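Asks:
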Amino acid sequence: MKDSGQVALEYILIFAISLILLIVFTLPLTEKSVEATLDVSDTLDAKSNLAKIAQAIMQVYGEGQGSKQSINVLSKQSIKININKDYISSNLKLNDGTSKQIKVDYDSNLPKSSIYLSKGENIVIVEWPVDSENMRIYTKLF
2 MKDSGQVALE
12 YILIFAISLI
22 LLIVFTLPLT
32 EKSVEATLDV
42 SDTLDAKSNL
52 AKIAQAIMQV
62 YGEGQGSKQS
72 INVLSKQSIK
82 ININKDYISS
92 NLKLNDGTSK
102 QIKVDYDSNL
112 PKSSIYLSKG
122 ENIVIVEWPV
132 DSENMRIYTK
142 LF
């Protein structure tokens, strides 16, 4: 009887040690995969926001002088958006400390500038004033 009790205790100890080793090795891998998934989600969200802004720019450019477009952009983090004549871009900081540039092309006559989106809801206005050579883009404060 003593031997069977000792064998059961040894099996429990081996199982516990195996479980601890499994957790020690898989937990860091799980954390890395979750961070990578969050990076992909944040990148897609930022690209979607840039695409919305680029679509508004192309619509105003297509409609010509006197047109105006405002869009609501929900941002998960504060971000600087660089405006160039033929593309809009932003650098997104990833969880591993690196950054990734996201870029969306369009046609317009916007001068080179930048706008800032704060975390949360933002209203971006794109307009081409009457009797103006260039379009304008800016964020509206609440």
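Read left to right, the sequence shown gives residues 2 to 143 (this note's numbering). Every residue, glycine too, gets a C-beta built ideally from N, C-alpha and C. This structure is a prediction, so every number in the text was calculated from the model and none was measured.
Under 8 Å: do the region 69-81 and the region 121-131 share three or more Cβ pairs, one atom per stretch?
Replies: yes
Asks: Going by CA-CA distance only, name the one from 122, 104, 96 that's closest to residue 37.
Replies: 96
Asks: By how many angstroms is the C-alpha of residue 141 removed from the C-alpha of residue 119?
Replies: 11 Å
Asks: By the three-class DSSP mapping on this structure, what secondary structure does residue 127 have?
Replies: strand
Asks: Do you know whose CA, among 44, 88, 76, lies nearest residue 112's CA?
Replies: 88
Asks: Can you list, in chain order, the residues of its chain whose CB lies under 6 Å from that of residue 75, leaving out five sequence neighbours each side?
Replies: 122
Asks: Excluding sequence positions up to five away, which residues of its chain have a Cβ less than 6 Å from the Cβ of residue 66?
Replies: 129, 131
Asks: Would the beta-carbon of residue 1 fall within 8 Å of that of residue 80?
Replies: Residue 1 lies beyond the stretch modelled for the chain, which goes from 2 to 143, so this question has no answer here.
Asks: If you compare alpha carbons, which of 108, 92, 51, 16 is closest to residue 61?
Replies: 108
Asks: Determine which residues share a DSSP beta bridge with residue 70 and list them.
Replies: 127
Asks: For residue 140, which beta-bridge partners are listed by DSSP?
Replies: In the DSSP output, where bridge partners are listed per residue, residue 140 has 125.
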